[in-house]
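Visitor:
Protein chains: 2
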Amino acid sequence: MTAAASTSRNRRGRPGYDRQQVLEAAVRIFNQQGYDATSVSDIAASLGFAKSALYHHFESKASILELALDDALSGLESALDSAVRDNGSASAQLRQFVHSAVGVLTARLPQVMLLLRVRGNSEVELAALQRRRAFDQRVAMIVAAAQEEGMLRKEIDASVATRLIFGMINSLVEWYRPDGPVDAAELADDVLLATFDGLQTHP
Amino acid sequence: MTAAASTSRNRRGRPGYDRQQVLEAAVRIFNQQGYDATSVSDIAASLGFAKSALYHHFESKASILELALDDALSGLESALDSAVRDNGSASAQLRQFVHSAVGVLTARLPQVMLLLRVRGNSEVELAALQRRRAFDQRVAMIVAAAQEEGMLRKEIDASVATRLIFGMINSLVEWYRPDGPVDAAELADDVLLATFDGLQTHP
Numbered sequence: 001m002t003a004a005a006s007t008s009r010n011r012r013g014r015p016g017y018d019r020q021q022v023l024e025a026a027v028r029i030f031n032q033q034g035y036d037a038t039s040v041s042d043i044a045a046s047l048g049f050a051k052s053a054l055y056h057h058f059e060s061k062a063s064i065l066e067l068a069l070d071d072a073l074s075g076l077e078s079a080l081d082s083a084v085r086d087n088g089s090a091s092a093q094l095r096q097f098v099h100s101a102v103g104v105l106t107a108r109l110p111q112v113m114l115l116l117r118v119r120g121n122s123e124v125e126l127a128a129l130q131r132r133r134a135f136d137q138r139v140a141m142i143v144a145a146a147q148e149e150g151m152l153r154k155e156i157d158a159s160v161a162t163r164l165i166f167g168m169i170n171s172l173v174e175w176y177r178p179d180g181p182v183d184a185a186e187l188a189d190d191v192l193l194a195t196f197d198g199l200q201t202h203p
Numbered sequence: 001m002t003a004a005a006s007t008s009r010n011r012r013g014r015p016g017y018d019r020q021q022v023l024e025a026a027v028r029i030f031n032q033q034g035y036d037a038t039s040v041s042d043i044a045a046s047l048g049f050a051k052s053a054l055y056h057h058f059e060s061k062a063s064i065l066e067l068a069l070d071d072a073l074s075g076l077e078s079a080l081d082s083a084v085r086d087n088g089s090a091s092a093q094l095r096q097f098v099h100s101a102v103g104v105l106t107a108r109l110p111q112v113m114l115l116l117r118v119r120g121n122s123e124v125e126l127a128a129l130q131r132r133r134a135f136d137q138r139v140a141m142i143v144a145a146a147q148e149e150g151m152l153r154k155e156i157d158a159s160v161a162t163r164l165i166f167g168m169i170n171s172l173v174e175w176y177r178p179d180g181p182v183d184a185a186e187l188a189d190d191v192l193l194a195t196f197d198g199l200q201t202h203p
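Chains as they are written, first to last, in this note's numbering: chain A, 1 to 203; chain B, 1 to 203.
As C-alpha cells, this is what we get:
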C-alpha cells in the first residue's frame, strides 16, 4: 500500500484492515493475560488506537471474543462436517477429521488457544463451551460408531478415547508455533499415525 | 481425633495437620484463580485462619508454590527413575513410565495441574520450568533410544513423539476427577494402549 493510499484509508477508518487487526491484537492479549484481565483500553493501546476507534469496529470486548471463538469453532465444525460428508465409514470419517482438526489448530492457533482457555465466566464463554460440548459429543458418537464397525478397539471406552484424541490434538497449542521447526502438514500426519496406529512399530 | 485432642493440638498449632491443610487449600486456590492473583490472605481466609497462623507454617506464598511444584515434579521424576532402573530396553522403560506417569497425575492431580499452568513469572516458577524441561529431555532421549531399538516408529521425530505422549497424558488434568466415573488404574492402561498400540484394531 502506498503512503497516500494508507492515509486515504485512514481517513475512512480502514474498516476491513482495522477490524482484522483489532481482532488479532485482542486475541493475542486475551491469550497473554486472560480475557477477564484485559480491558478495551489494553487492546486499543496495543495498536496505538484511541478506544473510540476500536468501538468503531466492535461493539464490546465480548463481541470480539465471540467472533474469535466462532472462528475456532466454525473451523472445527466444518472439518467434521466435511469428514462426515466425504466418507462412508465412521472410521474413515474419524481419520479425516483428526487429520484436518490438526490443520484447523495450526492455521487458527490463537483462536483455538483462546477457545481451549475459556472457563465460562460470561454468556459468550458459556455459549462457546456449550457449542464445544455438542461438538465433542458428535465426535464421541463417531468414535463409538467406529468401534461398532470393528475398526477401533473397544477396550477403551468411546468417551475416554474421544478425550484422549482431543487431548493429543489440543496439546499442540502448548508448543506448536507457525514459525517453529515443525511442519504443520507433517504434524497432522504424525498425530493421525500416533492416535490410530500408535507409536510402537507393528511388525 | 477426639475434641480434647483436637483442642490440645490447636493450642500447639497442629503443625502436621495444618501444614498439609494449608498446602492443599493454597493449591486449590492457585488452580482456581491463578497464582499471581492469589494473596496469602485469600489462602488464610479460605481456611478461616488468620494470616499470622499461615505464616506459622510457611514463610511465603512462594514457598507454598515451591513445595507443591516439587511434589508434582518429584512424583514424575521418581516414576522415570524407577522405569529406568526396572527395565533393560528403552522401549520397556518408556512403557512403564507412561503407565506410572498417569498414576502420578491422577494421584497428585492438583499439584500436576499447577505445574502445567506455571508460566514462569517468578523465580520459583522459572526453576520448576527448568526442572520440567530437563525431565522432558530425559524422556525424549528414551523415546529416541526406543526408536533406535526399532520398537518405536521412526516416522515421527522423537521430540514430537515425546510432546504427543505428554500431550495425551497432561490433557487428563482437564477432565479426570478422582471422584468421577473413570477409574485411575484403567485410565493408565488406556493411555498406554492408545499411545503405543493406537486406537485402531490391528487384525
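Every residue gets a Cβ at the ideal spot worked out from N, C-alpha and C, and that includes glycine. Keep in mind the model is a prediction, meaning the values are calculated, not measured.
Expressed to the nearest angstrom, what Euclidean distance is found between the alpha-carbon atoms of A184(A) and D197(A)?
Guide: 19 Å
Visitor: What does A161(B) reach in chain A if we use C-beta pairs closer than 9 Å?
Guide: D190, A194 and L199
Visitor: Would you list the residues sitting across from Q200(B) in a DSSP beta bridge?
Guide: L152(A)
Visitor: Can you tell me which of the three DSSP states G75(B) falls into?
Guide: helix
Visitor: Taking the continuous alpha helix (DSSP H) assigned at P214(B), which residues delimit it?
Guide: With chain B covering 1 to 203 only, the question about residue 214(B) has no answer from this structure.
Visitor: Quick one: Cα of L193(A) to Cα of L199(A), how far?
Guide: 8 Å
Visitor: Check the Cβ-Cβ distances between L76(A) and every residue of chain B, and say whether any is below 8 Å.
Guide: So no, L76(A) is outside the interface.
Visitor: Where does E123(A) land, buried or exposed, given buried means 16+ other C-beta within 10 angstroms?
Guide: exposed
Visitor: I need the boundaries of the alpha helix (DSSP H) containing D42(A), first residue and last residue.
Guide: Note, D42(A): alpha helix (DSSP H), V40 to L47.
Visitor: Applying the 10 Å Cβ sphere with the 16-neighbour rule, what's the burial state of G75(B)?
Guide: buried
Visitor: Taking all protein chains shown into account, decide if Q93(B) is buried (16 or more other Cβ within 10 angstroms of its Cβ) or exposed.
Guide: buried
Visitor: How many Å lie between K51(A) and E24(A) at the Cα?
Guide: 16 Å
Visitor: In chain A, which residues lie less than 7 Å from G150(B) when you measure between Cβ atoms?
Guide: T201
Visitor: With distances taken from CA atoms, which of A145(A), A188(A), H57(A) and A68(A) is nearest D157(B)?
Guide: A188(A)
Visitor: Under 8 Å, CB to CB, which of the residues in the segment 173–185 of chain A have a partner in chain B?
Guide: E174, W175 and V182
Visitor: Which residues in chain B have a C-beta closer than 8 Å to the C-beta of S39(A)? List them in chain order.
Guide: Chain B residues near S39(A): none, gap ~16 Å exceeds 8 Å.
Visitor: Quick one: residues in its chain with C-beta nearer than 7 Å to the C-beta of Y35(B), no 5 flanking neighbours on either side, listed in chain order?
Guide: L65
Visitor: If you run the structure through DSSP and keep just helix, strand and coil, what is S122(B)?
Guide: coil
Visitor: Evaluate R119(B) with the Cβ neighbour count: other Cβ atoms within 10 Å of its Cβ, from every protein chain shown; 16 or more gives buried, anything less gives exposed.
Guide: exposed
Visitor: Just the chain A side, please: which residues come within less than 8 Å of M168(B) by C-beta, in chain order?
Guide: Residues of chain A passing the Cβ test: L164, G167, M168 and S171.
Visitor: Taking A79(B) as the reference, give the member of L69(B), A101(B) and D70(B) with the closest Cα.
Guide: Checked all of L69(B), A101(B) and D70(B); the closest Cα to A79(B) is A101(B).
Visitor: Does L193(A) come out as helix, strand or coil in the three-state DSSP assignment?
Guide: helix
Visitor: Does the segment 81–95 of chain A come into contact with the segment 142–159 of chain A, if we say contact requires no fewer than three beta-carbon pairs (one atom in each stretch) closer than 8 Å?
Guide: The segment 81–95 of chain A makes contact with the segment 142–159 of chain A: 3 or more CB pairs, one atom from each, lie closer than 8 Å.
Visitor: Taking a Cβ distance cut-off of 7 Å, strictly less, list which residues of the segment 123–139 of chain B are near chain A, in chain order.
Guide: Listed by position along the chain: nothing, the set is empty.
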